Amino acid sequence: MKIEKNKVNVGVGFVTGRRNFKNVVKTYVDNWNESGLVDNKKNALHLFVAYDLKYKRTKVSDYKITDEEILDMVDSAYYLGNSSITTEAQYLVEKKVITLKEANLVFGEGYAMKRNAVLYFALKNKMDYLIFLDDDEYPIANIKINDSIVWKGQEVLSTHINNIKYADMTHGHHCGYISPIPQFDFNNKLSEDEFRIFVESISNDIINWDSIKEKMNDGGVTYAELDIINSETIEVVEEVNGMKFISGANLGFNLKNLDKLFPFYNPPGARGEDTFLSTCIGECNIRKVPCYTFHDGFSKYENLLTGVLPNKLKGMRADSSVITKRFLRASIGWIRYKPLLLYITQRDHYETEIMKMKENLSKVIPKICDYFGNDEFKDILDELDFYHAHVEEHYKDFENTKSAWAKIILFLKGQ
Numbered sequence: 001m002k003i004e005k006n007k008v009n010v011g012v013g014f015v016t017g018r019r020n021f022k023n024v025v026k027t028y029v030d031n032w033n034e035s036g037l038v039d040n041k042k043n044a045l046h047l048f049v050a051y052d053l054k055y056k057r058t059k060v061s062d063y064k065i066t067d068e069e070i071l072d073m074v075d076s077a078y079y080l081g082n083s084s085i086t087t088e089a090q091y092l093v094e095k096k097v098i099t100l101k102e103a104n105l106v107f108g109e110g111y112a113m114k115r116n117a118v119l120y121f122a123l124k125n126k127m128d129y130l131i132f133l134d135d136d137e138y139p140i141a142n143i144k145i146n147d148s149i150v151w152k153g154q155e156v157l158s159t160h161i162n163n164i165k166y167a168d169m170t171h172g173h174h175c176g177y178i179s180p181i182p183q184f185d186f187n188n189k190l191s192e193d194e195f196r197i198f199v200e201s202i203s204n205d206i207i208n209w210d211s212i213k214e215k216m217n218d219g220g221v222t223y224a225e226l227d228i229i230n231s232e233t234i235e236v237v238e239e240v241n242g243m244k245f246i247s248g249a250n251l252g253f254n255l256k257n258l259d260k261l262f263p264f265y266n267p268p269g270a271r272g273e274d275t276f277l278s279t280c281i282g283e284c285n286i287r288k289v290p291c292y293t294f295h296d297g298f299s300k301y302e303n304l305l306t307g308v309l310p311n312k313l314k315g316m317r318a319d320s321s322v323i324t325k326r327f328l329r330a331s332i333g334w335i336r337y338k339p340l341l342l343y344i345t346q347r348d349h350y351e352t353e354i355m356k357m358k359e360n361l362s363k364v365i366p367k368i369c370d371y372f373g374n375d376e377f378k379d380i381l382d383e384l385d386f387y388h389a390h391v392e393e394h395y396k397d398f399e400n401t402k403s404a405w406a407k408i409i410l411f412l413k414g415q
């Protein structure tokens, strides 16, 4: 890679599996150009792309940038497929930095491990900063004014770069369809209180029912706030229940202090890699920065990438099998990591909390199945039993992942 020693080297990391990836990159590159970053001779921009060919049955050519206009605006692009990640992991094992088992924990199968690969390669290639972006989030904000929408472009990358020098991590805001919970009407099949019990049982402690209800009333849409966009005040993220909450994208890392960097982790088959990172960064300086990304959580607004700005955003109602299945997948993803999160943050009350979850879910899941007309929601109880039974194993893996990462950091320091 072409590293500019007299410049600030900024890595831009994507973990992707979607065919529209190139369109997302082009939008961000145009955004960087508009914000003056490309012409700023002090900065050098480098792409790090970890791709998953299985997720949407894609091919490598869906991710390799060939557009000369884009290539002229970035200093280099690095592509991380399974083979290149495996080769690097084998190198670390051969150098006796980590064991093969540890390599599989840090760089094996899973979304968290691909994030770790991006973070590692950015460190190895001497980046000063790394900004994670998602392939279903766009640099634009939807603002609600009366019954219409005003759209405002967001200088995502430059906002992080301008603030990351003063922090260990920077975390932006999210708008659009950030919640997988659809809009629906409560009735005699399912009451609001029963659904609240369900959501609070399966989700993490940061989720606030009042905010969820507000999003549902807005059709599942989160609107950006002008006060935040125009704010010059930088919020310091405080610890809540043993976590400094961040999300996995619109997220910046200061790579200059290696001791303040931690790995991503999720239990096998689960998500929550940003949630578990949140439990590691209590001593870090995390800044919430005033920029939004629009989360196209239902893949309904890819036309935003080509400049098509709707006057209204559709409510995602629970009246289609696609939306119901997405909510089911999200619910299973949440329940798979909830036991480990409780084990980490509420060890003294863990068994009590698990029993309360089982009791509550046993009561409301039949109602959920009836409302959605989908008995697959019953699988949530089986998933809870499995991940509860394996929580100590997953906790050990999490601790061993952090230990292996510390060895890698020590190795990189020596480099």
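When the letters of the sequence shown are read in order and numbered with our numbering, they come out as residues 1 to 415.
Every residue gets a Cβ at the ideal spot worked out from N, C-alpha and C, and that includes glycine.
Small disclaimer: the values here were computed from a predicted structure and weren't measured.
Three-state secondary structure assigned by DSSP to residue i
| i | result |
| --- | --- |
| V74 | coil |
| N142 | strand |
| N6 | coil |
| F14 | strand |
| I235 | Note that residue 235 is Glu in the sequence shown here, rather than Ile. The answer is strand: DSSP assigns E235 an E or B state. |
| R57 | coil |
| R326 | helix |
| K311 | Here residue 311 turns out to be Asn, not Lys, going by the sequence shown. N311: coil per DSSP, three-state reduction. |
| K396 | helix |
| D375 | helix |
Counterpart residues of residue i in DSSP-defined beta bridges
| i | result |
| --- | --- |
| T222 | G176 |
| I332 | Bridge partners of I332: none, in fact. |
| I286 | M169 |
| L137 | For the sequence presented, residue 137 should be read as Glu rather than Leu. DSSP, once it has assigned bridges, lists H295 as partnering E137. |
| N254 | Y129 |
| V240 | M243 |
| Q415 | DSSP lists no partner for Q415. |
| Q183 | R317 |
Limits of the unbroken alpha helix (DSSP H) element including residue i
| i | result |
| --- | --- |
| I197 | 192-202 |
| V29 | 21-34 |
| L384 | 379-389 |
| F121 | 111-124 |
| T159 | 156-164 |
| E273 | 273-278 |
| I417 | Coverage of the chain is limited to positions 1 through 415, which leaves residue 417 absent and any answer about it impossible. |
| N217 | 209-217 |
Selection from the options that minimises the alpha carbon distance to residue i
| i | options | result |
| --- | --- | --- |
| C291 | L133, G333, E214 | L133 |
| Y88 | T66, Y120, I65, A112 | According to the sequence provided, residue 88 is Glu. The question's Tyr does not apply to it. Minimum Cα distance to E88 is reached at Y120. |
| D148 | Y129, V93, G414, L309 | The sequence shown places Ser at residue 148, not Asp. For S148, the nearest C-alpha among the options comes from L309. |
| K152 | K407, N250, N142 | N142 |
| D136 | M127, R19, I98 | R19 |
| T345 | G176, G269, G315, S278 | S278 |
| T324 | L123, R347, I368 | I368 |
| R317 | K64, Y371, K378 | Y371 |
Residue range of the beta strand (DSSP E) that includes residue i
| i | result |
| --- | --- |
| V49 | 43-51 |
| S148 | 148-153 |
Residue i beta carbon near the ligand ADP (any heavy atom closer than 8 Å)
| i | result |
| --- | --- |
| S179 | For the structure depicted, the ligand ADP is absent and the ligand set is empty, with no information on it obtainable. |
**OP:** Could you name each continuous alpha helix (DSSP H) segment of 4 residues or more that falls completely within the segment 348-372, going from the start of the chain to the end?
**Re:** The alpha helix (DSSP H) runs lying completely inside the segment 348-372 and spanning 4 residues or more are 350-372, given in chain order.
Subject >> Start-end ranges of the alpha helix (DSSP H) lying completely within the segment 75-107, minimum 4 residues >> reply: Entirely contained in the segment 75-107, the alpha helix (DSSP H) runs reaching 4 residues are, in chain order, 82-94, 100-107.
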